[in-house]
Amino acid sequence: MPPKPMFTREEIVQAALDIVSERGIEALTARELGVKLGSSARPLFTVFKNMEELHEAVRTAAMARFEACAPDGMENAPIFKQVGMRMVLFGMREPKLYQLLFMEENTTAASFDDLFNRLGPRAQSCIDTICDTYGLTGAQARMLFENVWIYTFGVGALCATRVCSFSQQQLGQMLTTQFQGMMMLIKSGNYPSNGQGD
């Protein structure tokens, strides 16, 4: 009969998430987790098969924390702006978790199309909203989304690495300016449809 776990799965994941949030994924070892829980490393392996399984559970918990990171006073803002603000604010508030979710080296993605497929249904929902609200074609809305997402990711990375810091008001203005500028460029017909410059 296997030993009864000393800690629940949720307790272990929360302790692991705290370690990663404070010091990054590199700091998450069985030994450090045991110290955090006030135990040896052994109880960990009565719940998880190995560290890889724990890392995956931590990523899932980090994504849940990201989804819960709501910008203040933006309940009536368009969904794509809410998503952009959530991303950048998460980089500011949880830099190590932002790095875990969005800045780990990825050897499989070769293009934005590959990344887009991993962003899930929220990305397509943003594109549908842009089409409906601004009268853009699907291709134009996708182009707008791609450029604004890349900009937003960059600002989030600057915040997550403490290169820059912005107030929520500044961030809102920055994202609005980028969005409006790309909108004008796309509607003017001067933006290359293949995404390549001259």
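In this text, residue positions in the sequence shown follow our numbering: the first is 11, and each later residue adds one. Every residue, glycine too, gets a C-beta built ideally from N, C-alpha and C. In this text, all values refer to a predicted model and were calculated from it rather than measured experimentally.
Residue i lies in the alpha helix (DSSP H); which residues open and close that run?
i	result
cysteine 136	131-144
serine 31	19-33
glycine 148	148-170
lysine 197	178-198
tyrosine 108	105-112
glutamate 62	61-77
leucine 224	Any question about residue 224 goes unanswered here, given that the chain covers just 11 to 208.
Between residue i and residue j, what straight-line distance do the alpha-carbon atoms span, to the nearest angstrom?
i	j	result
glutamine 190	glycine 148	17 Å
methionine 84	methionine 95	9 Å
isoleucine 140	arginine 172	31 Å
serine 50	threonine 143	56 Å
alanine 217	cysteine 174	The question about residue 217 has no answer here: the residues shown for the chain are numbered 11 through 208.
threonine 162	proline 105	15 Å
glycine 182	arginine 41	42 Å
isoleucine 196	leucine 111	30 Å
valine 165	isoleucine 29	25 Å
glutamate 36	glutamate 114	12 Å
leucine 125	serine 198	27 Å
arginine 69	proline 131	18 Å
Buried or exposed for residue i, going by 16 or more other Cβ atoms inside 10 Å?
i	result
cysteine 211	Outside the displayed span of the chain (11 to 208) sits residue 211, for which this structure offers no information.
alanine 170	buried
proline 53	buried
proline 81	buried
glycine 145	exposed
asparagine 157	buried
isoleucine 160	exposed
methionine 194	exposed
threonine 101	The question names threonine, but residue 101 is glycine in the sequence shown. Glycine 101 is buried by the Cβ-count criterion.
alanine 133	buried
alanine 120	exposed
Take residue i as the anchor and find which of the options has the nearest alpha-carbon.
i	options	result
tyrosine 201	Thr70, Leu146, Met153, Thr162	Met153
methionine 16	Ala151, Phe55, Arg33, Ser31	Phe55
glutamine 179	Ala78, Leu64, Lys91	Lys91
Am I right that residue i and residue j are in contact with their C-beta atoms under 8 Å? What's the rounded C-beta distance?
i	j	result
alanine 26	leucine 43	6 Å
arginine 19	valine 57	5 Å
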